[in-house]
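Colleague: So that you can map any letter, position 65 of the sequence shown is 99 in this note's numbering, and since no number is skipped, the others follow by simple counting.
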Amino acid sequence: KYRVALSRLPQQIHDYLNASDWERQVAGAKEKLTSFMENYRITDNDVLIALDSAKINLNEKLSQLETYAI
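Here is the structure:
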């Protein structure tokens with residue numbers, strides 16, 4: 035029962051991501067970030083530090099999810 039549900043999970047995630055129109059959302063986020071950086075004098079380095087931190091947090095959460103799913 036659980037194996038069948040878990041075997042479907044990658045396809046369901048793929049379908050969800052495709053349905054979410056990520057390209058449009060990323061483009062919109064990029065425009066907002068650029069505007070924010072110009073208005074508040076945030077440097078590229080500040081953004082890179084924040085993105086690195088977000089990447090680390092995301093990887094930790096994905097690892098926890100993977101452990102939980104197994």
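For glycine and all other residues, C-beta sits at the position ideal for the given N, C-alpha and C.
Could you round the C-beta distance between Ala-103 and Leu-40 to whole angstroms and report it? I think they count as a contact, below 8 Å.
Modeller: 6 Å
Colleague: Spatial neighbours of Gln-98 within its chain, please: C-beta separation below 6 Å, excluding the five flanking residues on both sides.
Modeller: none
Colleague: Tell whether a beta-carbon distance below 9 Å holds between Val-81 and Met-71.
Modeller: yes
Colleague: Secondary structure at Asp-78, three-state DSSP: helix, strand or coil?
Modeller: Here Asp-78 sits in helix by DSSP.
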